[in-house]
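Following the numbering used here, the numbering of the sequence shown begins with 202 at its first residue and continues without gaps.
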Amino acid sequence: MSQIETYDAVVVGASFAGLAAAGQLSGAGRVLLVDREPIGAGQTSACGTLLAVLERLDAGDALEQVHPRVVLNVAGRRVGFDTTHRPFATFDYATLCQVLASQLGDVQVAVAPFGGIDPDGTLRLGARRVRAAVLIDASGWRRVLARALGAPPLDRAHTSTGVETGTAHAGCALEFWFRPPGRPDGVHWAFPAGDHVREGTASYLAHPHGLKRDLTRFTHVDELPAKAIHGGAFPSRLAEPVTDKVFLVGDAAGQCLPLTGEGIRPALVFGQEAGRQARAVLLGRQDLPTALARYRTAVTRTRPAYRTLEHMQSWALHLPPSVVAHAVRTSASPRLSPLLQAAYWQVANPDTLRAAPDTKATRTLSRVPCTSGPAAHRAEDATDLAACAASCDCPPGTHAPQTAGCCLAP
Ligand SMILES: Cc1cc2nc3c(=O)[nH]c(=O)nc-3n(C[C@H](O)[C@H](O)[C@H](O)COP(=O)(O)OP(=O)(O)OC[C@H]3O[C@@H](n4cnc5c(N)ncnc54)[C@H](O)[C@@H]3O)c2cc1C
202 MSQIETYDAV
212 VVGASFAGLA
222 AAGQLSGAGR
232 VLLVDREPIG
242 AGQTSACGTL
252 LAVLERLDAG
262 DALEQVHPRV
272 VLNVAGRRVG
282 FDTTHRPFAT
292 FDYATLCQVL
302 ASQLGDVQVA
312 VAPFGGIDPD
322 GTLRLGARRV
332 RAAVLIDASG
342 WRRVLARALG
352 APPLDRAHTS
362 TGVETGTAHA
372 GCALEFWFRP
382 PGRPDGVHWA
392 FPAGDHVREG
402 TASYLAHPHG
412 LKRDLTRFTH
422 VDELPAKAIH
432 GGAFPSRLAE
442 PVTDKVFLVG
452 DAAGQCLPLT
462 GEGIRPALVF
472 GQEAGRQARA
482 VLLGRQDLPT
492 ALARYRTAVT
502 RTRPAYRTLE
512 HMQSWALHLP
522 PSVVAHAVRT
532 SASPRLSPLL
542 QAAYWQVANP
552 DTLRAAPDTK
562 ATRTLSRVPC
572 TSGPAAHRAE
582 DATDLAACAA
592 SCDCPPGTHA
602 PQTAGCCLAP
């Protein structure tokens, strides 16, 4: 039997939430971050988030494309949201993970599957046996660590499922097709990412039928080999973020936002918050129960907003599409849209993010690709971004294809 190693803290899961939490523990004690895969190897998402997230994390190297406009197609209507003041961006998953890993300082990283907990509280990490007073579960919706300690699984009735692939299409805006033909329980999307577009399909149901078939139809790519597709489940209901011993962060705590399925920003924001509270424990500034209680308060403060998004998801799925289209058009109006967007960003405020100790957040907006393909245009500043956004409107006589957010001549 292997010797038992002792750490001050162990973080299970080294994707967005785990890297964010572990980054805050750098220099605070003996910390182990463990994942069953090498860091950056296991992409599940379309990697769309706010540009501000990348800027705050000093992760400009991961940037692929900036999107000053988000387009929603519903019931045959195409509605554009101007997000120039707080644009979205697509980024490269492996590069972002590497940037966050480079900010980990003295945190030790291991590749090993979490295999359970012995009765005396020892963690089984592959062949290793590890003990720690502070435990952070960042293992995604399966929440393997907390469950091994008796926490219930996430309610599958409140999880969605998505699959995605990269295509050689080009595009300009982040574009969604809500309740498209053949997928009345979900959404298609096209996220341009520099030289390719990530296209996907998701259902708000936990066990939907025909997602891969849908993806093939949507992307117009006849043969999609299994390894070209990634995806999985993502939660749509906020769960309890702590047990009496464990911090749960990211999808493990159901922090992915309902309706939009945006889970990266909350995983990073709440991951860092858990990391900060845990850091204070390691430095002897507070005890573990206080840290857990403070983290819980920070998360549950957002519960009303999560509930609202959950209701909106339910209405969007069950109301007649024409009513949904009307609501979407109203929310995109120049008066309402900035207010709604500001309220939405507050749920997991990217301005609370900070690069790990010893790094500074910098603005990285210069020379970011705005559109891709032959008409590529590079945005130098916010004014250029506005021009980019305008160019995402399809001029008369053109149309937006189902496959990407660019405009085609008839
Ligand atoms: C198809 C799809 C597209 C999406 N697109 C977007 C998007 O564009 N923008 C957005 O904001 N959100 C998106 N999401 C949601 C987003 O991916 C998640 O909310 C986000 O990844 C949650 O981050 P996390 O760190 O909590 O969990 P995860 O990213 O799921 O990471 C969990 C980590 O734990 C590790 N792990 C799991 N089990 C074990 C174990 N037993 N032992 C050791 N390690 C383990 C895994 O290897 C993984 O690295 C998408 C989801 C899907 C399915």
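We treat Cβ as the ideally placed atom computed from N, Cα and C, and that holds for glycine.
Predicted, not measured: the structure shown is a model, and the values here were computed from it.
Residues that residue i bridges to, as DSSP identifies them
i: threonine 291; result: Gly249 and Gln266
i: glutamine 299; result: In DSSP, glutamine 299 forms no bridge with anything.
i: leucine 336; result: Val211 and Val447
i: histidine 431; result: Glu365
i: glutamine 309; result: Leu233
i: isoleucine 205; result: Arg330
i: leucine 273; result: Val280 and Phe377
i: leucine 324; result: Ile318 and Val331
i: glycine 436; result: In the sequence as presented, glycine is not what sits at residue 436; that position holds proline. Per DSSP, Thr360.
Nearest-angstrom Cβ-Cβ length linking residue i and residue j, presumed shorter than 8 Å
i: alanine 448; j: alanine 479; result: According to the sequence shown, residue 448 is phenylalanine rather than alanine. Confirmed, Cβ separation roughly 6 Å.
i: valine 443; j: tyrosine 496; result: 6 Å
i: glutamate 238; j: valine 331; result: About 18 Å; that fails the 8 Å criterion.
i: valine 235; j: valine 213; result: 6 Å
i: leucine 297; j: alanine 263; result: 4 Å
i: threonine 368; j: threonine 420; result: 5 Å
i: leucine 258; j: arginine 287; result: Going by Cβ atoms, the distance from leucine 258 to arginine 287 rounds to 16 Å, so no, they are not a contact pair.
i: alanine 427; j: threonine 366; result: So it is not a contact: roughly 10 Å between Cβ atoms.
i: alanine 333; j: alanine 210; result: 5 Å
i: glutamine 225; j: glycine 485; result: Not really, about 16 Å apart at Cβ, beyond 8 Å.
i: phenylalanine 292; j: glutamate 265; result: 6 Å
i: leucine 554; j: glutamine 473; result: 6 Å
i: phenylalanine 435; j: threonine 360; result: 7 Å
i: leucine 326; j: phenylalanine 315; result: 6 Å
Residue i: CB within 7 Å of a non-hydrogen atom of ligand 1
i: phenylalanine 379; result: no
i: glutamate 365; result: yes
i: arginine 502; result: no
i: aspartate 259; result: no
i: glycine 249; result: yes
i: aspartate 373; result: A small correction: the amino acid at residue 373 is cysteine; aspartate does not occupy that position in the sequence shown. No, the beta carbon of cysteine 373 sits no closer than 7 Å to any heavy atom of ligand 1.
i: glutamate 400; result: no
i: valine 470; result: no
i: glutamate 463; result: yes
i: serine 534; result: no
i: phenylalanine 315; result: yes
i: arginine 348; result: no
i: phenylalanine 435; result: yes
i: arginine 287; result: no
i: alanine 369; result: no
i: alanine 453; result: yes
i: glutamate 238; result: yes
i: alanine 549; result: no
i: glycine 243; result: yes
i: phenylalanine 217; result: yes
i: glycine 214; result: yes
i: serine 515; result: no
i: alanine 352; result: no
i: serine 340; result: yes
i: valine 235; result: yes
i: arginine 466; result: yes
i: valine 211; result: no
i: arginine 343; result: yes
i: alanine 403; result: yes
i: phenylalanine 392; result: yes
i: glycine 322; result: no
i: glycine 281; result: no
Limits of the unbroken beta strand (DSSP E) element including residue i
i: isoleucine 318; result: 315-318
i: glycine 243; result: Taken as a continuous stretch (DSSP letters only), glycine 243 belongs to no beta strand (DSSP E), as it is neither H nor E.
i: glycine 281; result: 278-283
Boundaries of the alpha helix (DSSP H) in which residue i is found, first to last residue
i: valine 548; result: First-last for valine 548: undefined, no H or E at that position.
i: proline 467; result: 465-483
i: leucine 220; result: 217-224
i: leucine 346; result: 345-349
Residue i CB to nearest heavy atom of ligand 3 below 7 Å
i: serine 246; result: With respect to small molecules bound, the structure shown includes ligand 1 and not ligand 3.
Original post:
What are the start and end residues of each continuous beta strand (DSSP E) run of 3 or more residues lying completely inside the region 373-423, in chain order?
Top reply: Runs found: 375-379, 387-393 and 398-404.
**OP:** Scan the region 487-531 and note each continuous alpha helix (DSSP H) run of 4 residues or more that stays entirely inside, going in chain order.
**Re:** Segments of the alpha helix (DSSP H) lying fully in the region 487-531: 489-501 and 504-519.
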